[in-house]
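**Q**
Chains as they are written, first to last, in this note's numbering: chain A, 1 to 227; chain B, 228 to 637.
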């Protein structure tokens, strides 16, 4: 069974008189364990697609099944629970909470889970250890480098053992060397932990790390090939 | 409620610490509101306590019977100018009216009193041994009149504190002879202090002598047995009106007034008058507290204002939290708790400040203040309710945000 399955997904925005189709008839299947890059120029709909499969936004038409669940039938709180349990996000701008330590940032998804809080700290620590940040537990985001901040964000995405990791231009704010390190990390997570990764990028060498590349143009999929 | 309360409180405290000045100013609204409520309740309750004290100082459940006014050649003189009340009337009221506990006659006049080289202008009240019971008054030293002293017009007297201090200073007045209108009276007792009456008269500036003695030795122009007023004590507060009616009926009968003829006496219910004063002060206290309550409300609006600003500023944070799984309720709780922390800390400081302010009023302005635990708890609790009430809308607004818009917010 596919982890992600979209059928004729559509997202329209009414801009005055005209209608903009950010997504137009997008049907795609992504199996568990895949590492997929989504490419395309600005405004091609790749980010909208990402928000859609990340349950952050709802489609105007079409269906989206995540792990067999029809997300169109769910309310905001149920979508929040899905995001919490099944999806880890990594953003271009890191999106860490300011004035909050790395350890606490990583614990945030746990706070909103229905789990008992007694092992929260241990789980956050081991997630940070996995990313080589065991010496930065009590650092605030502004005391960390860009690469370190992004690794904290990845630790946050992993802490709930979500099967799907969505990364929106994760290397966009990083220098090339750090970007490559982060990409190596993704490859490792995909191979060792079998985490499904969907990554939005417009850089060909970043997309080259993945095994499948989906290209968007004007809200439509124009190519879908194995790398 | 799945969200971890301890960590929510921690998050809220951190958010409030980030904008220390802003949080402090917001709290100030609540602090002033709660402090004002506490102070005003204390002042109001103090005023009522004082009036209640004054009522019991005059004597509780008191009725005064005055003679009616005389008409001399078409000119009506003041009430009390007629000498038609007698000791027999007082005794009859005591014995025949079931709603009356006891009565005391009064025949009074201003006099100059002398002891040694000291002299003092005061008022002498001729009365009997029931007076102390009527006025709920106790003796600091000595004894009450004996009944036999009233009958025999003995030259004995009981002094109020002011008179005792003015004439005797630190000396013991008991068994000393003072001169009232050049007649020697032996001091047999000294009254406890009662303080000022409601209109500011010194109630301790007084001398009691047997009514018979007053008539014979001091105010000789009065007809034998006639007195100026009768003081009546009803059995309890509920019986006051019944006692009035009984007194009126009895005196009309005793004074042989035909039906339709005007009363030749006046019955005044002192306690009722003072209870009205107490009622008025109660209304005043409520008004003060209401005005203070309005300032608490204004403080609450301040909280709402700041929380709205805070929600807008932290839109991105809300977006992040929603992206990683925060539900409507989680976001709502966080902001409500933040508002609640603001208002409760403000409330706590306000309670302390209010108590301090009321203490200062009582110390410097010598106002009577009185605290009650209930009023303090209520105003503290009210500050919490204000926090929740005014925190709700901003929290609600935050919880309805669309995660994707919130994340994009710069």
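No residue lacks a Cβ here, since even glycine has one placed at the ideal position from N, Cα and C.
1. Would you call the segment 388-406 of chain B and the segment 335-353 of chain B touching, i.e. three or more CB-CB distances under 8 Å?
2. Flag this pair as touching only if the segment 395-414 of chain B and the segment 462-477 of chain B have three or more C-beta atom pairs under 8 Å; answer yes or no.
3. Please identify, using Cβ separations under 7 Å, the residues of the segment 79-96 of chain A that lie next to chain B, in order along the chain.
4. Please say whether residue 167 of chain A and residue 199 of chain A have beta carbons closer to each other than 7 Å?
5. Within 10 angstroms of its Cβ, does residue 229 of chain B collect 16 or more other Cβ (buried), or is it exposed?
6. State the Cα-Cα distance for the pair residue 583 of chain B and residue 609 of chain B, rounded to the nearest angstrom.
7. Please list, in chain order, all residues of the same chain as residue 8 of chain A whose beta carbon is under 8 Å from its beta carbon, the five residues on each side excluded.
8. Going by CA-CA distance only, name the one from B:632, B:595, B:625 and B:626 that's closest to residue 281 of chain B.
9. Quick check on the burial criterion: 16 or more other C-beta atoms within 10 angstroms. Buried or exposed for residue 464 of chain B?
10. Can you give the beta carbon distance from residue 633 of chain B to residue 545 of chain B, rounded, assuming they're within the 8 Å contact cut?
11. Name, please, each residue of chain B whose Cβ falls closer than 9 Å to the Cβ of residue 119 of chain A.
12. For residue 548 of chain B, count neighbouring C-beta atoms within 10 Å of its own C-beta (all shown protein chains included) and say buried if the count is 16 or more, exposed if not.
13. Can you tell me whether residue 254 of chain B is helix, strand or coil according to DSSP?
14. Tell me, please, whether the segment 64-74 of chain A touches the segment 508-528 of chain B by the rule of three or more beta-carbon pairs shorter than 8 Å.
15. Less than 7 Å between C-beta atoms, sequence neighbours within five positions excluded: which residues of the same chain meet that for residue 109 of chain A?
16. What's the gap between the Cα of residue 262 of chain B and the Cα of residue 244 of chain B?
17. So is residue 56 of chain A in contact with chain B if we call contact Cβ pairs under 7 Å?
18. Given residue 314 of chain A, which residues of its chain have a CB within under 7 Å of its CB, disregarding the five upstream and five downstream residues?
19. Please go through the segment 317-345 of chain B and give each complete beta strand (DSSP E) segment of 3 or more residues, from N-terminal end onward.
20. From the DSSP output, read off the bridge partner residues of residue 39 of chain A.
21. Any idea which residues DSSP pairs residue 7 of chain A with across the strands?
22. Which chain A residues are close to residue 550 of chain B, counting only those with a beta carbon under 8 Å from its beta carbon?
23. Does the count of Cβ pairs from the segment 371-379 of chain B and the segment 437-457 of chain B closer than 8 Å reach three?
24. Going by alpha carbons, who is nearest to residue 125 of chain A out of A:113, A:106 and A:140?
25. Can you have a look at residue 503 of chain B and say buried or exposed, based on whether 16 or more other CB atoms are within 10 angstroms of its CB?
26. Look at residue 509 of chain B and residue 328 of chain B and say whether their C-beta atoms are less than 7 Å apart.
27. With 7 Å as the limit, tell me which residues of the segment 101-112 of chain A have their beta carbon closer than that to any beta carbon of chain B; keep them in chain order.
28. DSSP on residue 210 of chain A, reduced to helix/strand/coil?
29. For residue 77 of chain A, decide whether its Cβ has a neighbour in chain B, counting only Cβ atoms nearer than 7 Å.
30. Can you tell me the Cβ-Cβ gap for residue 405 of chain B and residue 349 of chain B, rounded? I've got them flagged as a contact below 8 Å.
31. Just the C-alpha distance for residue 136 of chain A and residue 129 of chain A, rounded to the nearest angstrom, thanks.
32. At a Cβ cut of 9 Å, what residues of the segment 147-158 of chain A count as close to chain B, listed as they run along the chain?
33. Out of curiosity, what's the CA-to-CA distance linking residue 366 of chain B and residue 339 of chain B?
34. Closest to residue 456 of chain B by C-alpha separation, out of B:274, B:626, B:331 and B:496, would be which residue?
35. Just to check my reading of the structure: residue 219 of chain A and residue 22 of chain A have Cβ atoms closer than 8 Å, yes? What is that Cβ distance to the nearest angstrom?
36. So within the segment 137-197 of chain A, which uninterrupted beta strand (DSSP E) runs reach at least 3 residues, ignoring any that extend past its ends?
**A** Quick look at the numbers:
1. yes
2. no
3. Those would be 80, 81, 83, 84, 89 and 95, in chain order.
4. yes
5. Low per-residue confidence applies at residue 229 of chain B: pLDDT is 49, beneath 50, and the placement is therefore not dependable enough to give any value.
6. 19 Å
7. 25, 26, 27, 61, 62 and 63
8. Ranked by Cα distance from residue 281 of chain B, the first of B:632, B:595, B:625 and B:626 is B:595.
9. exposed
10. 5 Å
11. None at all; the shortest Cβ gap to chain B is about 13 Å.
12. buried
13. Helix.
14. no
15. 84, 156, 159 and 160
16. 23 Å
17. yes
18. Outside the shown range of chain A, which is 1 to 227, sits residue 314 of chain A, and nothing can be said about it.
19. 327-342
20. A:215
21. A:63
22. 54, 56, 83, 89 and 95
23. yes
24. Among A:113, A:106 and A:140, the Cα nearest to that of residue 125 of chain A belongs to A:106.
25. It counts as exposed.
26. no
27. 108, 109, 111 and 112
28. If DSSP states are grouped into helix, strand and coil, residue 210 of chain A belongs with coil.
29. yes
30. That belief does not hold up - the Cβ atoms of residue 405 of chain B and residue 349 of chain B are roughly 11 Å apart, past 8 Å.
31. 10 Å
32. Answer set for the segment 147-158 of chain A: 156 and 157.
33. 23 Å
34. B:331
35. 6 Å
36. 164-168
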